[in-house]
Structure formats: C-alpha cells, structure tokens
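In our numbering, the protein residues as written are 1 to 104.
Here a beta-carbon is modelled for each residue, glycine too, at the ideal position from N, C-alpha and C.
So the structure is just underneath, and the comments pick up after that.
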C-alpha cells in the first residue's frame with residue numbers, strides 16, 4: 001500500500017478516494033456497503049483541534065439491505081479515525097450530514 005505522508009488531509013483524501021472508487025459488492029472477503037453509491041471527495045478539512053470534515057459529492061444509493069447506510073457511515077468514520085491525529089469526524093454528502101442522507 002501507499003505510505004502515509006505527514007499530511008492528514010492528503011492521506012484522508014487518498015483513503016476515501018480509494019474506497020469510494022470501488023463499486024464491487026465485495027472487497028476480497030469484506031463486504032462493501034457503499035458499492036451502489038457514486039460518491040467523490042470534494043474537500044477535506046483538518047483543524048488543529050483534531051476535527052476532520054470530509055465533504056463528499058455525488059449520489060448515495062440505497063441498497064436492498066437497510067443496514068448498509070449505517071455500515072457505510074461507520075466504515076467511513078473508521079477510515080478517517082485510523083489517522084492518529086483525527087479526534088472527531090464529520091462527513092457531509094452534498095452539504096448534508098451522512099446521517100441525514102442515509103436516513104432519508
């Protein structure tokens with residue numbers, strides 16, 4: 001894999017782009033809850049207090065499994081929290097919180 005740089009925003013952008021560009025239902029043996037969605041990283045903002053905001057654009061597509069939305073939200077939050085400096089994560093899709101988008 002790619003070595004992590006010291007730049008949190010670039011590393012997060014790369015990680016999210018990599019995950020979101022994958023549209024198969026399975027990644028090896030792992031299930032991909034966002035496989036049906038077409039999302040792109042618009043911007044990543046990291047503050048000195050450890051707050052990370054990831055701004056996504058595109059379309060969240062619901063799957064037949066109603067648990068996929070919460071799974072995707074958790075997966076993306078965990079993806080961001082693998083970076084030690086990140087304390088809090090906000091993920092927005094087209095300006096709305098991911099929680100609001102997946103609950104529609």
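Next item on the list: Return yes when the Cβ of residue 55 is within less than 8 Å of the Cβ of residue 30, no when it is not.
Entry: Walking along the chain shown from the start, residue 30 turns up at place 30. Walking along the chain shown from the start, residue 55 turns up at place 55. Taking 8 Å as the Cβ cut-off, residue 30 and residue 55 do not qualify as a contacting pair.
Check: What three-state label does DSSP hand residue 13 in the structure shown?
Finding: Numbered from its first residue, the chain shown carries residue 13 at position 13. Reduced to three states, the DSSP call for residue 13 is helix.
Note to self: So, under 8 Å CB-CB, residue 44 and residue 12 are touching, yes? Tell me the CB distance rounded to an integer number of Å.
What the structure shows: If you number the chain shown from 1, residue 44 lands on position 44. If you number the chain shown from 1, residue 12 lands on position 12. Sure, about 5 Å apart at Cβ, within 8 Å.
Notebook entry, point to check: By Cβ distance below 8 Å, which residues in the same chain neighbour residue 39 in space, the five residues on each side in sequence not counted?
Noted result: Here the question's residue 39 lines up with position 39 in the chain shown. Answer for residue 39: 20, 56, 57, 58, 59, 60 and 93, listed in chain order.
Margin query: Extract the residue ranges of the beta strand (DSSP E) inside the stretch 28-53, only unbroken runs of 3 or more that lie entirely within it.
Written below: 38-46
Check: For residue 66, which three-state DSSP category applies?
Finding: If you number the chain shown from 1, residue 66 lands on position 66. In this structure, residue 66 counts as coil in the three-state DSSP scheme.
Item checked: residue 103 - containing alpha helix (DSSP H), residue span -> Within the chain shown, numbered from 1, the residue matching residue 103 stands at position 103. Per DSSP, residue 103 belongs to the alpha helix (DSSP H) from 98-103.
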